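Protein chains in written order, with numbering that gives the first Met the number 0: chain A, 0 to 518; chain B, 0 to 315; chain C, 0 to 313; chain D, 0 to 272.
Where a beta carbon is used, it is the ideal one built from N, C-alpha and C, also for glycine.
Quantities reported herein were computed from a predicted structural model and do not represent experimental measurements.
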Amino acid sequence: MLVALWAGCARPTENPLPKNRLKIGTVHRVKSRNILFDKALGVFINLSHPHLFALDPDGEIRGLLSDDYRVSEDFTRWTFRVRDHYFWSDGLPVTASDVTFSVKYVGRHVPSRRWMERSLVRTEVLDPKTAVLVFDQPRTNMDIEFTSFPIIPRHVWENIPRPRFYSENRQFIGCGPFIIAGMDLNAGVIRLRKNSYWKGPRPALEEVEIHMYHNLDVLSLALERGDIDTCYKYADTYPYTSAQRLAETGRFTIKKTRTTGLTFIGFNLKRAPGNQLGFRRAVARALDYREIQKLITSGYGDPPGAGFVPRGMPYFLELEKPTRDPGEAERLLEACGYRDSDGDGIRENADGKPLKLVLLSTTRHHRMSELVAEYLGGVGVEVELRIVESATWVAMKDEYDYHLTITRTTPWGMRMHAGYGTGYFDARRTGEGVLHTVSDPAFLGICDSLLAVRDPKKKKSLARALQQYYARNLPAVALVQRVIVTPTNVRFTGWYHDPLFGIFNLQNFLTVRPAHGIQ
Amino acid sequence: MNPLLRIRELTVGFEGPRGKNTVLDGVSLDMNPGEVVVLTGETGCGKSVLARTLIGLPGDHARVQGSIRFKGRELTTLGESRFSRIRGRSMAMILQNPQLALNPVLPVGRQLVEPLRRHTGMDRHAAGKRVREGLKKMGFERGEEIFHRYPFQLSGGMLQRILIISAMILKPELLIADEPARALDDSLRNSVHRWLAESRDRWNAAVLLITHDLDLAAKLASRVAVMVAGQLVEINTATGFLTGPLHPYSQSLVRSYFNLPWEGPADALSPLSRSATGCRYISRCDRKTPRCLEKKPEMIPCGKGAKVRCHHCPME
Amino acid sequence: MGFNKTRLLRVLLALFFIFTLNFLIPRMMPGDPLVFLMGEDVVLDPGAMDELRVEMGLDQPLWRQYIRYWGRIVTLDFGYSYHYNQKVSALILSRIPWTLGLMLPVILLGGILGMVTGTLSGWKGDSRLNRGFTTLNLVIYSTPPYFLALACLYVFSVRLELFPLKGFMDSGTLPDILHHYFLPVLVLTAFFASRNFLLMRGSVRQEKKKWYVLRARSMGIHGPRLVFGHVFVNAALPMVTMIALDFGFLFSGALLVEIVFSMNGMGILIYEAVLSRDYPLLQGIFLVITLMVVLANLAAEICYHRLDPRLRIQ
Amino acid sequence: MKAQKRKTRGAFLMLAWLLVAVFAGMIAPHDPSRRFEPYSPPGSRHLLGTNDMGYDILSELIMGTRISLLVGLATAAVATLVGLAAGLAAGYSGRFLDEILTGLIDVFLMIPRIPMLILLSAFMQPGALTLSILLGLLWWPPIARIVRSATLQEKKAAFVESAVCLGFSRPRILLGEILPNIMPVVKAKFLMTFASAMIAEASISFLGLGNPLLRSWGRMLYTAFNKGGLIHGMYWWILPPGFCIAAVVVTVMATGMALEETGRSPKREVLRP
């Protein structure tokens, strides 16, 4: 005890912080030393394992590990060229066979990539830098797929039969500017240092450290105290209210980036009243979008458009924004046959049963759900909140055991499947976060067409048709388009955000540098 | 000559939930070396409290007034640490509950050695040797075995003898025995009394013996003191008490001792009052007069070497 | 030693019952354990899910899984955690030392401090100091430990910046680790000590009224010899069971405090295993805890028998 | 004696808390679901300010008394009823039933309560009543154990023996003779369970498990720590629920301890003045 007391008094004097060591705090939990299977680590290896492509801030595809690709007319044969200056951190150059190996290997072992291997007919290596992938069906959006598909060194992995339980340090061998040098999961720290074989632009940073926190509050305090320089959470923001406070200290730059992530109400289209368009429109008019923006996102969020696809996505179509109009909502409900005949404030359906709906959501959306329930209560729809943890939510939404649900989209999720959020609604799909509620042939037709075209013009018109479909049929009502707030210590400058990974993209770590004259 | 023990106007009360509760009221008694005083009285009249007060352990929340002088030293104001040097050495007590009076988790021998070492500064071996001798003398054939036994392994009689050894081993000048023979059968009872007598004879100890057993008073006592409802009502020589008890209560005791027919009033078991005024025995007394109700009787000399707390001394 | 056949049978039945619960409860709960392995924004190939289910043995009927579960218990092989991507046993073993480092000093210090102060407080009569100290302990014991932990974290780490905000260590040197351990150990020790204090105080107050104390005092024993040599040894007997049981709940006892101080110990492992439906890990942890509890119970009994001659000798 | 006084005082304080809980709706200055400006500091309009949604914190605190006390009391009731039934049955029947019940008590005592509670509440999202039943089912064994041993003691006591001789029926003896004698122990245990259950509920809510619609004090703490209360140093949001939990638990425990002291049946081996 005394020793501990002494230790407490004599704080270990930390080495004066090297100016070019960047410390990033995160609430993601890296649970294992496995770069292929650990979800959180899968994002952090963006620095050591560059993807073939990346998104630039406008959402356009840009080359990264590969500078060029060609697609055959029928979209089954994709040819990639690996850039010359990429070397693995053990000195070997990155080759086309690394790419073909990765597609097969990751496709075989990682369940969420399983479809890739199934769809792959064969691979070819035309020359040391050129790889060809041939698919069994038209694949129009492999470029987007390869903005998140890991490319790993063949000579390291080919002898590892069960990669899920592989935990040796050799798997950290990468070809990015930084590679993982140390990982202490008990202490919650991952240390990355420069890859000495990196031939690209010299990063100004020497080291990058990722510090894991169990909750956002402690992370915020650590940020304020200077333990870390910035914070990162995939598809999520730093808490808005804390950001205001940080800004007031003057030691932080607060960067706001719009994301394509939405929080939305999904309707159970398989049963009443969700299957009635009038009811869905009534819900859309009953909500107070301004108050949601004020209370849930502290004024940072954007009010969404009627077309569900958020501003910032390619081919965004400016449609009329839904507005609050309780009178209209009540009229729409009356028109659907929901009247309050017994005067208790709750509407009944034609059979005289009160309109009592289950709103399913997770603890993450607890506050939002309370608000929505209140708005709907205001127009005579009684809402029973059922707030569960995520596993239960997944089980219940898969069984369509709800009337309404509140959930969110992620930037990647908006792009998956046929893009524009179709992955969330297409009834033929399954997955952790998706609702698979829409089986309307019109919708499925647009999805299939979108999947089959690459021509920008055609794509544009299909994307617009889709947005009009959303606005007309309202399979879901977007509540708020989230804005991602990233506070960064003024000691560093040159930040670069991409729409998919936020600051955790490779380009960012090449441009971030210590600010001059500021200690 | 100064008495060994001189008690004056000792009053002990306890703080209870319903206010103060006086248990001993104005007790005065002298004891000299070499004499055995038998203290008798009804259960709950305060005999044990008197014993415990003498040794300085009346209990929590006790209020002690009056004076106890032991070898000229005032005990009621003596500090705990000084008092503890007297206890077990010049003054010792034998408790009435042998089964419960020893620490259940320590071997008997250790509990005997402990006070010995504390008072004499003997080392462990010397004290152990002395205890073993004592055990043998007390009739334990296998002293060594007893030494390592735990209290629950021994019978009540054995434990009582052990307690007696423990109390007497340092030859205290005052020995307080609170019904030492209660738990014992007749043969052991007799030996207990023999040892008490021995302590008086061998080192001239004064013995305060609390008992209901008038046989014992007859055999051992130099004097007898009788207590009623927290007050001493009679102090008499043993022969005086047995042949001519002074207080009505004593008279009823002696009568029943000699198996004489009961002559008192029918309500002999009615509760006794503890009122501040008047006589406390009044509810059972067959000689009561209006004066007994109005005036509290004091201890008055009545006959040779005797005192009684009654308005009607039969000697007058 | 006082263990007869019925007792042994009862312990075995208890183990069987608890292990079966461990198997059943997670499986009875809604939600697919595979869900969290995929990722929120992944559109899944159902075939891949099935393959994984087969790999994890979750495709089997429940009774077959149950038999396999017992096979694993007997061979002490808990299988793999698909969230931590490693053997459950290795994972648990890697966490145990950290939690042990937290809880051992807490149980020992809390035991000694609480029992000694409790004895003194129970022995001394009513005084303002004694009452105040007792009230303080009552208040500490009544405050949820995590609240106390948060208060300490806020005051000492956030405001005064004396201690780190999270974790077991930064650099991994001894002073650094002690520096991290200080606040959580302090909070938990205060909590355990206050409980032991209150129990011990009550026990001593009962004990001091007993005849043997009067007899010891009447023989001139007083002061520490009396309090610790006689009263303490008796009053502490029931505490032995209590403290032995603390050892039983060693791994789960600090759960909330571990979470407040972001310490990657057993507590957080339990919490995360629950939230991510990590069956093998959950089973492994509950198994370890249950074994600890059973062992602690046996140890308590043995200690009791050792310490109390009345039981030892019969 | 002193314990008597503490008992009375404790009973009064508990009554006061109960009154707050019962009349919470009338005492609370605002409707707890009415929204004002979020994150207001304490002022004359909002004595404890407002929270992230603009709810009046004081009103939420007062309404929280209901949930916290309800869970504590209901749990204690369930645990006491089950514990009493099991303990009486085991202690009185002897032999076979006793074996089974004691075994069951042993099993339940070995279940790690907090992890099990986390497991159950994560999956079930229990409301106030379900939670109380869950807690009660995890908390009954200590009561059963004490009741059993007290019953055994009482059974041996002479007066029950004589009741058996007089030919009273079993239920009559159990309820008429034994129960009143072990009641003080049971009462004290009831209060201890009450206190313990409140802390357990507060812990579960603090982890964000359990039903988020249950606006108990623990849930308030959870919200405060997850919606910026700590970062903004809003002690008027964080401290009151913590203090309230501690205050109620102290009251209940102190009363329980006083009960335990006064209620102990005087034993032969204890000296009485």
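Do residue j and residue i come within 9 Å of each other at the CB atom, strictly closer than that value?
| i | j | result |
| --- | --- | --- |
| Leu318 of chain A | Gly304 of chain A | yes |
| Leu53 of chain B | Leu74 of chain B | yes |
| Arg270 of chain A | His402 of chain A | yes |
| Tyr299 of chain A | Val433 of chain A | no |
| Thr252 of chain A | Asn504 of chain A | no |
| Pro240 of chain D | Gly207 of chain D | no |
| Gly209 of chain D | Leu118 of chain D | no |
| Ser83 of chain B | Ile220 of chain C | yes |
| Leu261 of chain A | Gln466 of chain A | no |
| Leu499 of chain A | Leu54 of chain A | yes |
| Pro127 of chain A | Pro92 of chain A | yes |
Which term fits residue i, buried or exposed, when burial requires 16 or more other beta carbons within 10 angstroms of its beta carbon?
| i | result |
| --- | --- |
| Glu206 of chain C | buried |
| Asn274 of chain A | exposed |
| Pro60 of chain C | exposed |
| Lys531 of chain A | Here chain A covers residues 0 to 518 and nothing more, so residue 531 of chain A does not appear. |
| Phe22 of chain D | exposed |
| Ala121 of chain D | buried |
| Lys4 of chain C | exposed |
| Glu160 of chain C | exposed |
| Ala281 of chain A | buried |
| Pro143 of chain C | buried |
| Val223 of chain B | buried |
| Glu153 of chain D | buried |
| Trp69 of chain C | exposed |
| Cys301 of chain B | buried |
| Asp97 of chain A | buried |
| Arg201 of chain A | exposed |
| Lys188 of chain D | buried |
Among the options, whose alpha-carbon lies nearest the alpha-carbon of residue i?
| i | options | result |
| --- | --- | --- |
| Asp66 of chain A | A:Ile172, A:Tyr85, A:Phe164 and A:Leu132 | A:Tyr85 |
| Pro221 of chain A | A:Arg471, A:Pro498 and A:Gly24 | The sequence as given places Ala at residue 221 of chain A; Pro does not occur at that position. Nearest option by C-alpha distance: A:Gly24. |
| Phe224 of chain D | A:Asn140, A:Phe266 and A:Ser241 | A:Ser241 |
| Leu28 of chain B | B:Gly55, B:Glu14, B:Ala61 and B:Ser66 | B:Ser66 |
| Lys355 of chain A | A:Leu370, A:His364, A:Asp339 and A:Met367 | A:Asp339 |
| Leu148 of chain C | C:Ala253, C:Asn21, C:Leu12 and C:Pro279 | The question names Leu, but residue 148 of chain C is Ala in the sequence shown. Measuring from the Cα of Ala148 of chain C, the nearest candidate turns out to be C:Ala253. |
| Arg72 of chain B | B:Pro57, B:Val232, B:His60 and B:Met90 | B:Met90 |
Compute the beta-carbon to beta-carbon distance between residue i and residue j, rounded to the nearest angstrom, for a pair I have assumed lies under 8 Å.
| i | j | result |
| --- | --- | --- |
| Val35 of chain B | Leu219 of chain B | 5 Å |
| Phe196 of chain C | Asn136 of chain C | 5 Å |
| Ile95 of chain C | Met265 of chain C | 7 Å |
| Ser166 of chain A | Gln85 of chain C | 6 Å |
Taking Cβ-Cβ distances below 8 Å as the criterion, which residues of the region 289 to 307 of chain C are in contact with chain D? Thr289, Val292, Val293 and Asn296
Give the residues from the region 359 to 370 of chain A that approach chain D closer than 7 Å (Cβ to any Cβ), ordered along the chain. Thr362, His365 and Arg366
Give the residues from the region 220 to 247 of chain A that approach chain D closer than 8 Å (Cβ to any Cβ), ordered along the chain. Leu220, Glu223, Pro238, Thr240, Ser241 and Arg244
Short of 8 Å Cβ to Cβ, which residues in the region 177 to 198 of chain C face chain D? Leu197
Contact set between the region 433 to 449 of chain A and chain C, restricted to residues whose Cβ is under 7 Å from the partner: Val433
Contact residues within the region 381 to 397 of chain A, judged by C-beta distance below 9 Å to chain D: Leu384, Arg385, Ile386, Val387, Glu388, Ala390 and Thr391
Name, going along the chain, the residues of the region 202 to 216 of chain C whose beta-carbon falls closer than 9 Å to a beta-carbon of chain B. Lys207, Lys208, Lys209, Trp210, Tyr211, Val212, Leu213, Arg214, Ala215 and Arg216
Which residues, taken in chain order from the region 97 to 113 of chain A, show a beta carbon closer than 7 Å to some beta carbon of chain C? Pro110, Ser111 and Arg113
Note down, in chain order, all residues in the region 141 to 160 of chain C with a beta-carbon under 7 Å from any beta-carbon belonging to chain A. Val157 and Glu160
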